Amino acid sequence: MRLAAIYIKRHFLFSEPQTINLGGKYFYTITPREGKENKYDITRIENPQFIENFWGKKISLVSAIVGENGTGKTSFLKSICLSKTNINDIVLVFENKNNSYEIYDKGFLDNSIFSIDYFTQTLDSDLSHFSINSFLNFNTDFVGLSEFNLNNFKNLVLLIQKQNNEKLLKSYLRENFNLFDAVKIKLKNNLKTETYWGDKTKRQESTNDLIRLIIDKFGAKNDDVPTIFTSENFIKNLELKLLLAVININFDRYNNELEYNINEYNDKESFDNFLDKIKEDYIANKLIEDNNGDIDNQKINNIKEFYNFIKTSDYKEDKGNRILNLKEIKLFIDKYENIKPALDLFDFSPVKIDENNSNYSHISYSTGEKNILYFLSLINKNLKWFKKNIILLLDEADLGFHPQWKKKYIKILTDFLPKIFEEIPGFEGVQIIFTTHDPLTLSDIPNSNVVYLKKEGEKTKVLNQNEKPRKSFGANITDLLADSFFINDGLIGDFAKGKIEETIKWINLERHKKHSIYQQSYEIDEKEYIKHKKIIELIDENVVRMKLAEMLDELKPEKNFQKELAEKEIKYLRNKFNLK
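Just so we're aligned, residue 18 is where the sequence shown starts under this note's numbering, counting upward by one.
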């Protein structure tokens, strides 16, 4: 089941009703019946670019809403959500697998089996809670930080605690704190006067005293400001963040012990032992929490074995990080099969894995990488809110991405979202509709799946099929971008590239079969032939399209495909330049 078209009766963006097609099997025209409220005449014609299961398993459709800033992309996307306001102004057309269709006013869509969920990267303080058919924010305060002070850390922990999102906390700490070479932690002069933990002044002051003790004992001095560096000192920023989190979350348990013994930690080994104790306690508590207080001794023993293995394995040192041999870890995990579910508990350990016994360099994740990881983590955490049929509305979700990550964006979504949603009972499929003003991402989207919005005076116009730009899917990105960027591995989106390579591989295999059959007639699989012919027709890069058409023509006696493409191009040029 997929949302194929949207009819908007009234909207401040548009001067007249709009039928918006998203690239389903058919293009729809919806006309209200004169004098009859909520009655419509619907006609449809087949979409020649549509290919069943084109996006992969359980991805029903991917569509893009494109337009410059001010055209109303976000407003349009929000109008699709099942809000209680103006529910009679929107009509949704859904296609079924048997080629039938169903139409719904927004207010009558069955929320028990269908969810439409909106995501945005922009921070909106009025939209803070995640729930079905409401708004969830990517809090961009959490990403792109090269320096992380205690106030930021306080905000992070408080928000994570408020949302009860332990997985996000673990993911964020892992991705942010064990990868920077020099993340600084600076104590402000007025630290004690700031209410870092609500009204719990005693806890705040005691915690600050403990932090000062740690920094006075182990920190380096830089312009009279206590600072702890990742690489230069043995206390890694990751370990300190974990320590602070545990102290505040489990204040009564660790406060007295740490305050009493801090001056006894005269060397790296003694302090590491204390950190190990905190980590072990955290892992034990997390195990009990995840298993509702009921875990078997075998699982505990397996985790102890793995923890000890990490601590005692031979390793190299790289700026304070352990470099482990991946082959040894594989052998250990093969021996203790039940250890695999426990691996996620070791996100806090500053362990690096070396597959070829050579050091990996430190990596600093980009904002785009962090946003993708954060988005997938957020989806995974909130699975309970999704229904078996899902429409994801992604508003400017590629904002701030490096071009290299814009190339990967659609492929990442189509590869990973079905795997995440598989955990939903009865999951049937997910549909993705995203807005963008960047043409780079469009290289992965067939032109029939792109809705182009154009500003005309005070209103917005939806371009029809004849008015659309001709190129998107598989088009050379240098033709789509006003400015050129250097991008590795080609200049088309990875999803389109994968489809083109799949077609080339199939053609080469069929050519080999055709020339290898001795005294037998070669018979082509017509279904596969039509599928790959359609993929070639989608490609908007002329040289690639014609070369693949030439290769495809070699598989049949009649070589008509190149001729068909050439005739279409001639017809287009005649119409464009009013030639007879």
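Glycine residues also receive a C-beta, built at the ideal position from the N, C-alpha and C atoms. If you're wondering where the values come from, they're calculated on a predicted model, not measured in any experiment.
Assign Tyr539 to one of three DSSP states: helix, strand, or coil.
coil
Cβ separation of His419 and Val83, assumed to be a contact under 8 Å, to the nearest whole Å:
Incorrect: roughly 20 Å between the Cβ atoms, too far for contact.
Would you mind reading off the limits of the alpha helix (DSSP H) that contains Gly2?
For the chain, the structure presents residues 18 to 597; residue 2 sits outside this window and is missing.
For the candidate residues Thr431, Gly52 and Glu543, whose alpha-carbon lies nearest to that of Gly515?
Thr431
List the DSSP bridge partners of Pro49.
Tyr57
From Ile547, Asn595, Asn70 and Thr36, pick the residue whose C-alpha is nearest to that of Leu470; which is it?
Thr36
Counting only the same chain and skipping the five closest in sequence on each side, list residues whose C-beta sits under 7 Å from that of Ile441.
Leu400, Phe403 and Lys405
For Ile380, is the classification buried or exposed, using 16 other Cβ atoms within 10 angstroms of its Cβ as the cut-off for buried?
Summary for Ile380: the model assigns pLDDT 41, below 50, so the residue's position carries little reliability, and this model does not support an answer.
N-terminal and C-terminal residue of the alpha helix (DSSP H) that Val579 is part of:
Position check: residue 579 holds Gln in this sequence, whereas Val was assumed. Looking at the DSSP string, the run of the alpha helix (DSSP H) that includes Gln579 is Phe578 to Lys593.
Going by beta carbon distance, what residues of the same chain come within less than 8 Å of Ser538, once the five residues before and after it are set aside?
none
Of the residues Ile62, Asn55, Ile97 and Gln421, which one's Cα is nearest the Cα of Leu410?
Ile97
So, using beta-carbon positions, are Glu54 and Lys472 closer together than 8 Å?
no
In terms of DSSP beta bridges, what is Tyr426 paired with?
The partner list for Tyr426 (beta bridge, DSSP) is empty, contrary to what the question assumes.
Please name the residue in His532, Thr458 and Phe578 whose C-alpha comes closest to that of Tyr546.
Phe578
Taking the alpha carbon of Lys75 as the point to measure from, which residue in Asp557, Asp461, Glu581 and Ile408 has its own alpha carbon closest?
Ile408
What's the C-alpha gap between Met568 and Ile524?
7 Å
Consult DSSP for Ser465 and reduce its assignment to one of helix, strand or coil.
helix
Pairwise C-alpha distance: Ser533 and Leu596
47 Å
Does DSSP put Phe433 in a helix, a strand or coil?
helix
Consult DSSP for Asp570 and reduce its assignment to one of helix, strand or coil.
helix
Local conformation of Arg528 per DSSP, three classes
helix
Identify whether Arg27 lies in helix, strand or coil by the three-state DSSP scheme.
coil
Proximity to Thr91 [Cα-Cα], best of Val468, Ile553, Lys573 and Lys56:
Val468
Which of helix, strand or coil DSSP assigns to Asp455:
coil
Identify whether Asp511 lies in helix, strand or coil by the three-state DSSP scheme.
helix
In angstroms with no decimal places, state the Cα-to-Cα distance between Gly510 and Asn481.
25 Å
Nearest-angstrom Cα separation, counted from Phe31 out to Val479:
9 Å
Among the residues of its own chain, which have a CB less than 7 Å from the CB of Asp58, if the five just before and after it don't count?
Thr48 and Arg50
Who does Tyr121 pair with in a DSSP beta bridge?
Leu109
On a CA-only basis, which of Ile449, Lys485 and Gly474 is nearest Ile133? Give me that one, please.
Ile449
Does the separation of the CB atoms of Asn115 and Met18 fall below 8 Å?
no
Counting only the same chain and skipping the five closest in sequence on each side, list residues whose C-beta sits under 8 Å from that of Trp72.
Leu78, Val79 and Thr431
What residue does the alpha helix (DSSP H) around Thr91 start on, and which one ends it?
Lys90 to Ile97
Less than 8 Å separating the beta-carbons of Leu39 and Asn466?
yes
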